[in-house]
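These notes are about the structure you will find just below.
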Amino acid sequence: MAEGGIWRLALPLAVAQMLFFAAPLLLLAATSVATDENLRDWSLRAWRDTLGDGFHIESVLNTLRLGALTVLATALLAVPLALVHLVAGPALRRVILIAAVLPLLTSVVVRTFAWIVILGREGVINATLIGMGVVTAPVPLLQTEHGLIIALTQIEMPLMLLPLLAALARIDPALLDASASLGGSLARTLWKVVLPMALPGLIAGATLVFASASTAFISQGVIGGGRLNYLPALVWQNAMVVFDWPLAAAMAITLMGSVLMVAGALSLLGQRASHA
Amino acid sequence: MHRFTGADRALALLILALAGVGFLILVGPVVVVLVTSFTSSRALQFPPPGFTLQWYRDLFDAERSAQIHVAAGNSLLVAVLTAVVATSLSTAAALAIARSRATWSKVAEGAFMAPLVLPGIAFGLAALMFFSWLRQPPSLALLVAGHAMIAAPFALRTVGASAAGLDPALLESSAALGAGPWRTFRRVTLPLIMPGVAAGAFLAFVSSLDNVPVSLFLSSAQTDMLPIRLWGMMETALDVRVAAASGVLVALAFVLLLAMDRAVGLARRMSG
Amino acid sequence: MTALSRRHLLGAAMAGAALPWNAAQAQAAMTAAVYPGGWDEALRAVLAPRLREAHNINVAFEPLFAVDQIAKARAARGNPPFDVFVLDPGPRVSGIDLGLFEAFDPTKLSNRAQLPNGYSDAHGAAVAAQVVGIAYNPTKVAKPKGWADLFKPEYASKLGLTGFQTTFGTISLIEMAEVFGGSETNVEPLFAELRKIKDQVAAVAAPAAMPGLFQQGQIDLMYTNTYTVTLLRSRGVNIDFAVPETGAAAFVTTMHIAKGSRNLDSAYKYIDTMISQPVQTTLAAEPFFFVPVNTGVTPGADVPMRSISEITNFVSHDWTKINPLRAQWIARFNREMAR
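Protein chains in written order, with our numbering: chain S, 1 to 276; chain Y, 1 to 272; chain X, 1 to 339.
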């Protein structure tokens with residue numbers, strides 16, 4: 001197909017998104033500037049409450065920071081795993097692949113229980129630390145930001161690891177051997193050969209992890225708890241308990257806008273990297 | 001990778017250590033869930049006081065878990081349909097984006113990611129408001145459409161990552177050799193982007209299977225969904241069958257991966 | 001849709017349900033919302049067969065929490081996705097304010113005389129009671145005497161807090177506010193006390209997380225209803241119910257018919273069967289542990305009353321006053337608890 005006609009391939013998805021996503025979103029946007037969900041009258045009250053309130057702005061920033069830290073943590077662990085996968089034999093490759101998809105197979109419902117078991121005051125980590133004599137009293141992990149990031153790292157890691165493995169699958173192992181036999185150090189091989197190939201996957205993963213972690217409402221609520229404030233919980237409260245749909249709509253759009261800006265920046269980076 | 005220098009060895013060790021931590025983090029919670037699913041206690045408890053297969057028997061009991069089976073059937077059906085719809089739409093779109101250098105493709109890519117970042121609750125609510133306005137009652141088709149919207153960005157991103165490295169010259173030479181676009185896609189493009197397509201389909205499938213917020217609004221009494229059912233069982237009674245359900249899913253995935261491995265291995269041998 | 005109904009039919013045929021075609025024609029059908037979990041299991045096991053036997057009505061259940069029912073019905077604008085709601089007082093008042101219910105005619109309930117006075121009205125009928133107090137782990141902490149105890153250091157560090165988003169949470173927090181000099185419409189004294197303990201408390205979490213946190217020892221105290229306590233103890237969790245010295249608070253769960261329902265007659269029979277003595281008796285016993293509203297049924301051992309008629313001695317609250325204030329309390333709780 002000629003370059004000129006290629007856009008037609010994007011048409012089916014575009015039409016589907018118009019119908020099933022953009023149209024409801026438009027209704028949501030209209031609701032956010034209305035007095036109620038029947039759209040009887042217009043008002044900017046919901047937007048003033050969302051953007052003019054320090055607490056809400058702080059929640060937006062908390063949410064974005066959570067997404068960013070989760071991206072860093074997943075990348076820090078997923079890249080080494082992907083590298084080991086790259087040079088491993090078939091058996092180890094299979095083990096890594098299975099480990100990579102495992103978190104997706106335990107329902108979010110029971111996963112929250114697993115994290116209570118691991119991070120809790122009488123949990124696995126604290127029992128180990130106390131048993132080894134590292135600490136004498138339990139370290140608070142559950143209901144803290146770092147505990148939440150640890151949990152999100154597991155939950156979101158497949159979203160980083162799978163695109164990364166897909167991208168690295170295109171590397172010819174012979175290329176690595178060639179680089180090494182030409183006297184390239186390991187660091188140089190990684191930097192010059194592997195990283196450029198991994199970059200599209202890394203950026204795809206970062207986008208997915210960022211978006212998913214910043215909207216992970218159930219994990220944020222159960223593992224992070226009520227003392228940490230993130231936007232998704234506020235959207236839920238206003239939509240489902242308070243029934244202030246204009247406010248819920250304004251907050252949802254704020255969250256979407258701010259996360260999209262970051263995702264858009266990452267995507268631009270990705271395009272530059274892949275065309276470089 | 002021979003001729004390791006000291007610095008190389010240190011770096012390799014660091015990579016191994018981080019990979020080890022990553023592996024532990026990935027697997028640890030799943031091991032906790034699996035171990036818990038065999039507990040002899042009557043509520044979720046870790047460490048278990050003893051072990052039994054009772055919860056798996058209960059989960060498969062046609063009478064006691066009848067409603068769970070119905071919900072599991074619904075959820076699997078919706079997840080399969082979602083994966084098919086989302087992956088085919090996204091693969092086409094990802095190829096278009098990867099092969100176009102025009103500005104529109106960057107804008108389109110950003111727009112296509114939007115469903116992923118709108119909180120599910122808000123999307124579910126808005127979708128139900130919109131469909132009610134169109135006088136469309138919740139149905140299986142609408143439920144799949146809603147799930148597919150959330151799942152499409154996963155497939156778009158993973159396929160996009162695979163397609164970014166496609167060599168245009170390869171496709172051009174295929175076309176020059178007289179292959180039509182569909183033949184070129186099947187014989188040249190698809191095999192090259194297959195890891196991305198498979199990863200995307202898998203992510204779409206599991207994102208649908210575990211979706212709570214969209215199902216909450218778009219499902220009906222006829223389309224009882226598994227995650228919502230599990231949520232209720234967990235919240236009120238710490239029902240161990242919730243852990244057993246995850247055990248079944250993990251076992252299924254193992255079988256599926258092994259089967260895929262066989263199939264791919266077989267295909268490679270046949271083509272080679 | 002066709003795939004699903006075909007599978008349902010197949011399932012029914014395989015289960016040996018005879019002659020689905022003839023039976024289906026004579027049967028009336030309706031849809032009822034039900035709380036996911038225990039309620040869902042109980043109503044499918046007890047109420048549905050009874051309804052089929054007595055009135056030849058087939059009920060389909062849609063598992064939804066109270067707030068989800070309201071949101072869903074409201075978003076559907078006059079096309080109710082189900083015929084009957086089941087709600088706690090907070091969402092009930094919201095539903096009335098939003099005009100989501102059909103006018104209710106209690107005289108259509110044949111079992112109305114077995115309900116305490118005022119348990120059926122122009123909006124709906126009560127179908128179960130809830131008694132709210134303190135749940136504690138008897139192997140870890142001494143039995144607390146009342147709400148004020150929760151704020152002492154030895155208890156606060158083991159306490160799990162939930163906010164105003166649920167009915168039982170709101171009621172418990174109001175009770176605490178009253179102990180510290182507040183009232184149903186003034187929870188300011190509570191926030192002053194919460195501020196002092198917020199860094200010590202073991203967890204501030206969604207109600208859904210509480211049983212898991214309790215079982216794994218992260219928290220040893222929480223506020224909840226007798227239903228949850230009995231259910232968890234029956235599954236081997238170390239948990240007991242303490243009636244606060246100011247009294248346990250009680251409220252009722254009610255059923256309502258959705259505005260625009262096309263199965264009015266079946267909906268009334270559904271609610272009527274729900275409050276009937278045989279159904280309430282079965283629901284009050286193991287493994288369901290409901291608190292019955294039928295005066296002819298004796299509540300279970302954990303419920304601190306011998307008959308539902310004693311419920312008038314319990315602390316009760318006026319939700320028409322509470323509901324308008326709840327939005328600001330919820331927002332306030334978020335801010336007060338923020339680190």
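All C-beta atoms in this analysis are idealised placements derived from N, C-alpha and C, irrespective of residue type, glycine included.
| query | result |
| --- | --- |
| Counting only C-beta atoms, is S107 (chain S) closer than 9 Å to chain Y at any point? | yes |
| Counting only the same chain and skipping the five closest in sequence on each side, list residues whose C-beta sits under 8 Å from that of A78 (chain S). | M157, M160, L161, L164 and G205 |
| Assess contact between the stretch 164-171 of chain X and the stretch 323-330 of chain X, defined as three or more Cβ pairs (one per stretch) separated by less than 8 Å. Is contact present? | yes |
| Can you pull the chain X neighbours of F217 (chain Y), defined as C-beta to C-beta under 9 Å? | D68, A71, K72 and A75 |
| Starting from L97 (chain S), follow the alpha helix (DSSP H) in both directions and report where the run begins and ends. | P90 to L105 |
| Would you say D41 (chain S) faces chain X, with C-beta separation under 9 Å as the test? | no |
| Tell me the rounded alpha-carbon separation between N334 (chain X) and L234 (chain S). | 9 Å |
| Looking at S107 (chain S) and V242 (chain Y), is the spacing between their C-beta atoms short of 9 Å? | yes |
| Which residue marks the beginning of the beta strand (DSSP E) containing Y35 (chain X), and which one marks its end? | No beta strand (DSSP E) holds Y35 (chain X); DSSP gives it neither H nor E. |
| So, with DSSP's three-state summary, where would you put N137 (chain X)? | coil |
| Output the distance between the C-alpha atoms of P81 (chain X) and L232 (chain X), rounded to the nearest integer angstrom. | 32 Å |
| Using a cut-off of 8 Å between C-beta atoms, extract the partners of A237 (chain Y) located in chain X. | G37, G38, P211, L231, L232 and R235 |
| Would you mind telling me which residues of chain Y sit closer than 8 Å to F82 (chain X), beta carbon to beta carbon, in chain order? | A221 |
| On the three-state DSSP scale, how would you describe Y223 (chain X)? | strand |
| Select from the stretch 237-248 of chain S all residues with a C-beta closer than 9 Å to any C-beta belonging to chain X, and list them in chain order. | Q237, N238, A239, M240, V241, V242, F243, D244 and W245 |
| DSSP puts A57 (chain X) in a beta bridge; with which residues? | First, the residue type needs correcting, since residue 57 (chain X) is Ile and not Ala in the sequence shown. I57 (chain X) is bridged to X:A28. |
| Let me know if R186 (chain Y) comes out buried or exposed under the rule of 16 or more other beta-carbons within 10 Å of its beta-carbon. | exposed |
| What whole-angstrom Cβ distance do G124 (chain Y) and P213 (chain Y) have, given they're in contact under 8 Å? | 5 Å |
| Quick check on G16 (chain X): does DSSP put it in helix, strand or coil? | In this predicted model, G16 (chain X) has a pLDDT of only 39, less than 50, meaning its place in the structure is not dependable; the value taken from the coordinates is given anyway. Looking at G16 (chain X) - three-state DSSP - the assignment turns out to be coil, as it is neither helix nor strand. |
| Kindly list the residues whose CB is nearer than 7 Å to the CB of G296 (chain X), restricted to its own chain and excluding five residues on each side of it in sequence; keep chain order. | Q114 and Q277 |
| Taking the straight line between their C-alpha atoms, what separation do you get for S94 (chain X) and V21 (chain Y)? | 49 Å |
| Looking at C-beta atoms only, is the number of pairs between the stretch 259-266 of chain S and the stretch 30-49 of chain S that lie closer than 8 Å three or more? | no |
| Using the rule of at least 16 other Cβ atoms within 10 Å of the residue's Cβ for burial, across every protein chain shown, is I322 (chain X) buried or exposed? | buried |
| Tell me S261 (chain X)'s beta-bridge partners as DSSP assigns them. | For S261 (chain X), which the question treats as bridged, DSSP gives no partner whatsoever. |
| Counting only C-beta atoms, is N79 (chain X) closer than 9 Å to chain Y at any point? | yes |
| Hey, would you say D101 (chain S) sits closer than 9 Å to V31 (chain Y), going by beta carbons? | At residue 101 (chain S) the sequence reads Val, which differs from the Asp that was named. No, the Cβ-Cβ distance between V101 (chain S) and V31 (chain Y) is not below 9 Å. |
| Taking 7 Å as the limit between beta carbons, can you name the residues of its chain near F61 (chain X), skipping five residues before and five after? | A32, V34, D40, L43 and R44 |
| Applying the 10 Å Cβ sphere with the 16-neighbour rule, what's the burial state of I57 (chain S)? | exposed |
| Check for me: the beta strand (DSSP E) holding A205 (chain X) runs from which residue to which? | Element bounds for A205 (chain X): n/a, residue is neither H nor E. |
| How would you label P168 (chain Y), buried or exposed, when you count the other beta carbons within 10 angstroms and need 16 or more for buried? | exposed |
| Got a sec: is the Cβ-Cβ distance from E41 (chain X) to anything in chain S below 9 Å? | no |
| Quick one: complete beta strand (DSSP E) runs, 3+ long, within the stretch 103-188 of chain X? | 125-136 |
| When you compare the CB of V131 (chain X) with every CB in chain S, is at least one pair closer than 9 Å? | no |
| Is there a Cβ from chain X that is less than 9 Å from the Cβ of R121 (chain S)? | yes |
| Spatial neighbours of G224 (chain S) within its chain, please: CB distance less than 6 Å, with the 5 preceding and 5 following residues excluded, ordered by chain position. | L148 |
| Mind checking which residues open and close the alpha helix (DSSP H) that includes D97 (chain X)? | P89 to D97 |
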